[in-house]
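Worksheet: one structure, shown below.
There are 2 protein chains.
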Amino acid sequence: MCGAYALQGLKILDFTRVYSGPYCTMLLADLGADVIKVEAVGHGDDTRSFYPIKNGESGYFTYLNRSKRSITLNLKSEEGKRIALELIQWADVVVENFSAGTIKKLGLGYEEARKVNPKIVYASISGFGQSGPYSRKAAYDAVAQAMGGMTYLTGYPEGEPVKVGPAISDAATGVHTAVAILAALHYRARTGEGQYIDMAMMDTVFSMLENSVPIMTMLGENPQRIGNANPGSAPYNMYHTSDGSVFIATANDSLFTRLINVMGQPDLIQDPRFNSNPNRKLHEKEIDPIVEQWTLQHTTAEVEAMLDEVGVPVASAKSVAQLVDDPQLQHRNMLIEQEVPGVGVVKYPGNPLKLQLTPPDTSRRAPMLGEHTDEILKELLHYDEEQIQQLRTQKAI
Amino acid sequence: MCGAYALQGLKILDFTRVYSGPYCTMLLADLGADVIKVEAVGHGDDTRSFYPIKNGESGYFTYLNRSKRSITLNLKSEEGKRIALELIQWADVVVENFSAGTIKKLGLGYEEARKVNPKIVYASISGFGQSGPYSRKAAYDAVAQAMGGMTYLTGYPEGEPVKVGPAISDAATGVHTAVAILAALHYRARTGEGQYIDMAMMDTVFSMLENSVPIMTMLGENPQRIGNANPGSAPYNMYHTSDGSVFIATANDSLFTRLINVMGQPDLIQDPRFNSNPNRKLHEKEIDPIVEQWTLQHTTAEVEAMLDEVGVPVASAKSVAQLVDDPQLQHRNMLIEQEVPGVGVVKYPGNPLKLQLTPPDTSRRAPMLGEHTDEILKELLHYDEEQIQQLRTQKAI
Numbered sequence: 000m001c002g003a004y005a006l007q008g009l010k011i012l013d014f015t016r017v018y019s020g021p022y023c024t025m026l027l028a029d030l031g032a033d034v035i036k037v038e039a040v041g042h043g044d045d046t047r048s049f050y051p052i053k054n055g056e057s058g059y060f061t062y063l064n065r066s067k068r069s070i071t072l073n074l075k076s077e078e079g080k081r082i083a084l085e086l087i088q089w090a091d092v093v094v095e096n097f098s099a100g101t102i103k104k105l106g107l108g109y110e111e112a113r114k115v116n117p118k119i120v121y122a123s124i125s126g127f128g129q130s131g132p133y134s135r136k137a138a139y140d141a142v143a144q145a146m147g148g149m150t151y152l153t154g155y156p157e158g159e160p161v162k163v164g165p166a167i168s169d170a171a172t173g174v175h176t177a178v179a180i181l182a183a184l185h186y187r188a189r190t191g192e193g194q195y196i197d198m199a200m201m202d203t204v205f206s207m208l209e210n211s212v213p214i215m216t217m218l219g220e221n222p223q224r225i226g227n228a229n230p231g232s233a234p235y236n237m238y239h240t241s242d243g244s245v246f247i248a249t250a251n252d253s254l255f256t257r258l259i260n261v262m263g264q265p266d267l268i269q270d271p272r273f274n275s276n277p278n279r280k281l282h283e284k285e286i287d288p289i290v291e292q293w294t295l296q297h298t299t300a301e302v303e304a305m306l307d308e309v310g311v312p313v314a315s316a317k318s319v320a321q322l323v324d325d326p327q328l329q330h331r332n333m334l335i336e337q338e339v340p341g342v343g344v345v346k347y348p349g350n351p352l353k354l355q356l357t358p359p360d361t362s363r364r365a366p367m368l369g370e371h372t373d374e375i376l377k378e379l380l381h382y383d384e385e386q387i388q389q390l391r392t393q394k395a396i
Numbered sequence: 000m001c002g003a004y005a006l007q008g009l010k011i012l013d014f015t016r017v018y019s020g021p022y023c024t025m026l027l028a029d030l031g032a033d034v035i036k037v038e039a040v041g042h043g044d045d046t047r048s049f050y051p052i053k054n055g056e057s058g059y060f061t062y063l064n065r066s067k068r069s070i071t072l073n074l075k076s077e078e079g080k081r082i083a084l085e086l087i088q089w090a091d092v093v094v095e096n097f098s099a100g101t102i103k104k105l106g107l108g109y110e111e112a113r114k115v116n117p118k119i120v121y122a123s124i125s126g127f128g129q130s131g132p133y134s135r136k137a138a139y140d141a142v143a144q145a146m147g148g149m150t151y152l153t154g155y156p157e158g159e160p161v162k163v164g165p166a167i168s169d170a171a172t173g174v175h176t177a178v179a180i181l182a183a184l185h186y187r188a189r190t191g192e193g194q195y196i197d198m199a200m201m202d203t204v205f206s207m208l209e210n211s212v213p214i215m216t217m218l219g220e221n222p223q224r225i226g227n228a229n230p231g232s233a234p235y236n237m238y239h240t241s242d243g244s245v246f247i248a249t250a251n252d253s254l255f256t257r258l259i260n261v262m263g264q265p266d267l268i269q270d271p272r273f274n275s276n277p278n279r280k281l282h283e284k285e286i287d288p289i290v291e292q293w294t295l296q297h298t299t300a301e302v303e304a305m306l307d308e309v310g311v312p313v314a315s316a317k318s319v320a321q322l323v324d325d326p327q328l329q330h331r332n333m334l335i336e337q338e339v340p341g342v343g344v345v346k347y348p349g350n351p352l353k354l355q356l357t358p359p360d361t362s363r364r365a366p367m368l369g370e371h372t373d374e375i376l377k378e379l380l381h382y383d384e385e386q387i388q389q390l391r392t393q394k395a396i
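Protein sequence lines, in the order shown, are assigned to chains P and C. Taking numbering that gives the first Met the number 0, I'd label the letters of the first sequence as residues 0 to 396. Taking numbering that gives the first Met the number 0, I'd label the letters of the second sequence as residues 0 to 396.
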């Protein structure tokens with residue numbers, strides 16, 4: 000890192016585990032926030048044993064926890080709890096994603112935190128929020144996707160609902176939480192007041208349903224899943240090619256005309272079934288096979304090249320194997336490399352927050368379990384070697 | 000609104016259209032930022048004519064543009080451009096999501112903006128970023144989902160890749176952009192320096208692939224789509240019921256034991272095929288039908304109630320028709336109502352940024368096209384009635 004950090008000086012105490020919270024604090028840590036990750040003594044964040052594992056190290060964990068420091072604390076011990084409260088005094092921000100109510104039971108909830116640090120910004124992430132009829136419901140990402148409406152809307156009309164492959168309700172809630180935290184800090188800078196933030200995965204998913212809710216509430220139509228098609232445009236779908244499939248999207252006459260010119264069938268625009276976008280949508284089952292007849296004669300790469308050339312939206316569903324060498328991701332610094340001790344160099348997604356003057360720093364690898372316990376206790380809380388030894392003997396750290 | 004706003008005093012000039020940018024500025028406007036939306040004279044934001052439409056008003060537009068003011072400007076006219084530059088002087092933040100390079104050609108890019116306001120924070124959103132091999136590629140949400148890897152990973156193993164139903168690459172890029180803007184403002188508050196932010200939808204999608212990239216880069220395995228299943232746990236899937244389907248997720252012995260107790264088959268844990276999570280995953284094709292035999296004897300609601308009771312993660316894929324009356328969303332203020340002139344009261348998703356002291360304000364409806372043109376010109380830029388009339392005659396506003 001040679002430049003400045005956007006979030007230099009921001010101190011975050013991070014009790015989060017698994018995905019939503021760690022994604023939130025990774026975004027902020029890459030921008031220079033000092034993130035101290037509190038992990039359970041002995042095993043740490045659950046993701047330390049999540050797939051993929053190589054030589055005992057998890058790529059799940061090491062991807063999502065770069066740029067952070069790790070301290071181990073037994074939060075159920077008096078000493079561990081005392082140190083946590085001392086770190087809350089140190090922090091500007093606390094983030095946690097235990098199941099609703101758990102951190103309160105540990106004596107480290109917002110009410111306890113504000114007693115030792117009245118200006119604290121304290122964010123909780125849970126499946127359904129800290130209160131209400133579902134607040135005690137067990138939540139995994141797939142549960143939040145289903146309960147928030149994303150799963151029902153994903154998949155083919157003739158098939159079953161299907162969840163989004165990656166755990167997007169976790170990632171999306173993580174990044175929404177980052178907005179909430181920075182906004183609360185903006186308020187605190189102006190007024191001196193901290194506050195509590197109560198984020199829920201179901202809320203976030205429901206907030207990302209595009210126009211689905213007004214379709215229901217304005218028109219009384221319950222939106223259905225439609226695969227790769229578009230509710231208002233055609234041809235707009237995934238088509239088979241000689242070696243796979245390709246996604247082509249034409250949403251107006253200009254794009255359709257460019258497509259049929261490339262296909263060598265410019266007269267299709269004269270056909271009364273295909274002479275406007277509404278007519279093409281009405282006759283989607285006739286125009287789609289015509290397009291596919293053409294795509295089947297070419298490879299995916301050929302179709303992409305021909306349509307890119309004339310500005311028709313086109314894409315193939317890239318696999319991760321393709322993406323880890325993608326030239327645009329490389330150009331964008333979205334493929335970064337880090338050393339994992341005992342494993343070697345591993346490639347991860349970079350940080351998508353492309354601030355040009357203060358770019359994210361993705362050079363600092365994820366911490367080993369408790370790697371910074373001594374450093375944090377000594378430098379931030381002024382414990383001496385003897386006290387640290389005693390805490391270790393007591394299994395408090 | 001009776002309380003305080005988190006982002007009181009923050010001034011945002013918003014050139015964005017359709018979804019990604021408007022979602023970003025909606026999140027910030029609900030928190031009290033003063034967002035001025037610049038729209039094309041005559042037709043405005045494209046989404047003003049997007050589905051769903053009732054009495055000429057679009058629910059797509061009115062959902063995503065609440066809490067903002069609208070000014071119409073012809074950015075291709077000298078006068079319109081001059082007013083835009085005056086508004087850039089007024090603003091703390093500019094956001095735009097034209098295709099890469101377009102706003103520069105209009106003479107309103109970052110270089111021009113910083114000349115009139117050196118401290119400006121200026122964010123661009125595009126499909127692939129402002130430079131690099133794909134930067135001129137046409138981008139729709141479905142293109143970004145496919146190019147970023149989300150589509151390949153979504154769907155059933157025996158079926159085709161399928162895009163996420165709602166346009167999540169738009170929403171996700173919008174919220175990531177909000178983080179970038181607030182972080183840049185944090186830096187500016189400390190140093191006085193503004194900066195440029197160059198966000199890309201492909202980056203955001205690639206950043207949300209969970210553990211997929213390290214699976215490839217650590218193990219050399221190219222991750223595949225697996226429907227509603229889980230790569231490491233079973234039973235963990237969507238199962239048919241007597242009236243639909245239900246998602247059940249057991250990721251450890253404790254949850255499995257609770258499930259089979261409710262099923263009345265507690266001995267299954269003794270079966271060597273099912274006595275550990277790895278064994279159950281290995282024999283997924285045998286345990287899944289056993290679970291489904293049970294779920295088929297009950298309604299979805301019955302299975303949900305029985306498993307909620309014992310804390311086994313369970314969900315049904317809720318449709319929007321169900322969600323608009325959901326008791327938890329109601330409890331969370333995630334179902335808000337607004338008057339749309341000429342339409343009546345419409346229900347929308349609320350704002351998921353649940354700051355408790357300075358909650359989002361979702362009371363202000365989306366503006367009619369150019370509703371605040373005169374007010375903005377008079378109050379912020381001190382134009383008089385005569386000048387405004389002249390601008391209108393010139394079709395500059």
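C-beta: ideal position from N, C-alpha, C; glycine also.
So what's residue i in DSSP terms, helix, strand or just coil?
i        : result
C:Met333 : coil
C:Thr15  : coil
C:Leu376 : helix
P:Phe127 : coil
P:Lys394 : coil
P:Leu354 : strand
C:His175 : helix
C:Asp325 : coil
C:Ala3   : coil
C:His282 : coil
P:Val399 : Beyond the ends of chain P as shown, which are 0 and 396, falls residue 399 of chain P; an answer cannot be given.
P:Gly343 : strand
The beta strand (DSSP E) that contains residue i, what's its start and end?
i        : result
C:Ser69  : 67-71
P:Gln264 : Segment: none, P:Gln264 is in no beta strand (DSSP E) and carries neither H nor E.
Please confirm if residue i has its CB atom under 8 Å from at least one CB of chain C.
i        : result
P:Pro234 : no
P:Met237 : yes
P:Leu26  : yes
P:Pro160 : yes
P:Glu291 : no
Given a threshold of 16 other Cβ atoms within 10 Å of its Cβ, counted over all protein chains shown, does residue i qualify as buried or as exposed?
i        : result
C:Pro288 : exposed
C:Met0   : Interpretation of C:Met0 is limited by its pLDDT of 43, a score under 50 that renders its predicted location unreliable; the figure taken from the coordinates is listed afterwards. When all chains shown are included, C:Met0 counts as exposed.
C:Ala182 : buried
P:Asp383 : exposed
C:Ala171 : buried
P:Gly343 : exposed
P:Gln388 : exposed
P:Glu378 : exposed
C:Ser244 : buried
P:Ala5   : buried
Taking 8 Å as the threshold (beta carbon to beta carbon), is residue i in contact with chain P?
i        : result
C:Cys1   : Residue placement at C:Cys1 cannot be trusted, given a pLDDT of 46 that sits under 50; the coordinates are not used to answer.
C:Pro222 : yes
C:Phe97  : no
C:Asp202 : yes
C:Lys118 : no
C:Glu157 : no
Measuring CA to CA, which of the options is closest to residue i?
i        : options                      : result
P:Tyr133 : P:Thr299, P:Gly193, P:Met200 : P:Met200
P:Asp33  : P:Gln389, P:Leu334, P:Ile375 : P:Ile375
C:Thr240 : C:Thr298, C:Ile196, C:Ile268 : C:Thr298
P:Phe205 : C:Ser123, C:Gln337, C:Ser318 : C:Ser318
P:Leu63  : P:Tyr121, P:Val174, P:Gly128 : P:Val174
Ends of the alpha helix (DSSP H) at residue i?
i        : result
C:Asp307 : 299-309
C:Gly58  : 58-63
C:Ser244 : It is not in any alpha helix (DSSP H) - C:Ser244 instead sits in the beta strand (DSSP E) that spans 244-248.
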